[in-house]
Amino acid sequence: MKSRLNCYFDPKLADQLTTFALRQGIHRSQLVEAAVMAFLSPDALDRREAAFVRRLDRLSRHMERIERDLTIAIEVQAQFVRFWLSASPPIPPDQQDAAKARGASRYQGFIEILAKRLQRSDSLVREISKEITPEFNGRDNVAAGTSTGASGNTDDHDAVLAGMEDKNVGL
Numbered sequence: 005m006k007s008r009l010n011c012y013f014d015p016k017l018a019d020q021l022t023t024f025a026l027r028q029g030i031h032r033s034q035l036v037e038a039a040v041m042a043f044l045s046p047d048a049l050d051r052r053e054a055a056f057v058r059r060l061d062r063l064s065r066h067m068e069r070i071e072r073d074l075t076i077a078i079e080v081q082a083q084f085v086r087f088w089l090s091a092s093p094p095i096p097p098d099q100q101d102a103a104k105a106r107g108a109s110r111y112q113g114f115i116e117i118l119a120k121r122l123q124r125s126d127s128l129v130r131e132i133s134k135e136i137t138p139e140f141n142g143r144d145n146v147a148a149g150t151s152t153g154a155s156g157n158t159d160d161h162d163a164v165l166a167g168m169e170d171k172n173v174g175l
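Just so you know, we're using our numbering here: the sequence shown kicks off at 5 and counts up by one.
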């Protein structure tokens with residue numbers, strides 16, 4: 005024998021309950037009973053906790069990847085600045101205007117290369133990972149020192165970077 009309980013619901017919630025019960029083809033009391041049983045079930049708490057743990061684990065892994073990528077980006081930038089400062093001689097005052105024009109041109113080329121890489125979802129971290137472990141990435145040619153795209157040709161940005169290196173010799 006079941007006990008009778010009187011419950012009061014907000015009118016909107018009562019309408020939703022009625023609509024859902026009609027769609028399911030069951031009485032409202034059966035629906036409320038099932039909801040209360042699920043809420044009071046000891047397994048319900050365990051399921052919610054397990055779901056939270058999975059989400060937190062996923063977030064932790066994501067944060068670890070972000071931290072690793074940020075560490076790599078900072079180290080790359082620091083190494084570049086160190087190299088640039090040690091390898092770049094001072095520019096004489098009479099050549100500074102020409103150097104500024106060359107710098108602006110190179111910067112525009114850099115921005116174009118960066119835009120292409122971002123559009124293709126290229127990543128320095130992914131590129132480094134592929135170079136370190138080519139056997140896991142199916143890229144045997146990386147170990148040999150060549151980087152080819154899907155068409156077998158050298159990537160556009162590699163060719164542009166090689167051209168930019170030639171231009172840097174004059175500075």
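Using N, Cα and C, we set each Cβ at its ideal position, and we do this for glycine too.
Owing to the predicted nature of the structure, the values given are computational and were not obtained by experimental measurement.
Proximity below 7 Å, CB of residue i to CB of residue j
i     : j     : result
Arg32 : Leu49 : no
Backbone CA spacing between residue i and residue j [nearest angstrom]
i      : j      : result
Met5   : Leu26  : 25 Å
Asp101 : Ile95  : 10 Å
Arg130 : Phe87  : 23 Å
Arg13  : Leu35  : It should be pointed out that residue 13 corresponds to Phe in this sequence rather than to Arg. C-alpha separation (whole angstroms): 14 Å.
Arg8   : Val40  : 14 Å
Leu63  : Ser92  : 43 Å
Met67  : Arg121 : 23 Å
Glu116 : Phe24  : 55 Å
Ala42  : Leu17  : 18 Å
Ala55  : Ala77  : 33 Å
Ala82  : Ser90  : 12 Å
Arg65  : Arg124 : 24 Å
Pro138 : Asp98  : 48 Å
Phe178 : Gly107 : Residue numbering for the chain in the displayed model covers 5 to 175; residue 178 lies beyond these limits and cannot be assessed.
Arg69  : Asp126 : 16 Å
Glu135 : Asp73  : 16 Å
Arg52  : Thr75  : 34 Å
Supposed contact pair residue j and residue i - C-beta distance, whole angstroms, cut 8 Å
i     : j      : result
Val80 : Leu128 : 7 Å
Residue i burial status per 10 Å Cβ neighbour count (16 or more: buried)
i      : result
Thr152 : Reliability fails at Thr152, whose pLDDT of 42 lies under 50, so the model's placement of it is uncertain and the value that follows must be treated cautiously. By the neighbour-count rule (16 or more Cβ atoms within 10 Å), Thr152 is not buried but exposed.
ask   = Which full runs of the alpha helix (DSSP H) of 4+ residues lie inside the stretch 71-115, going along the chain?
value = Qualifying alpha helix (DSSP H) stretches: none in this window.
task = List in chain order: all unbroken alpha helix (DSSP H) runs of 4+ residues lying wholly within the stretch 8-84.
result = Listed in chain order, the alpha helix (DSSP H) runs fully inside the stretch 8-84 are 15-28, 32-44, counting runs of at least 4 residues.
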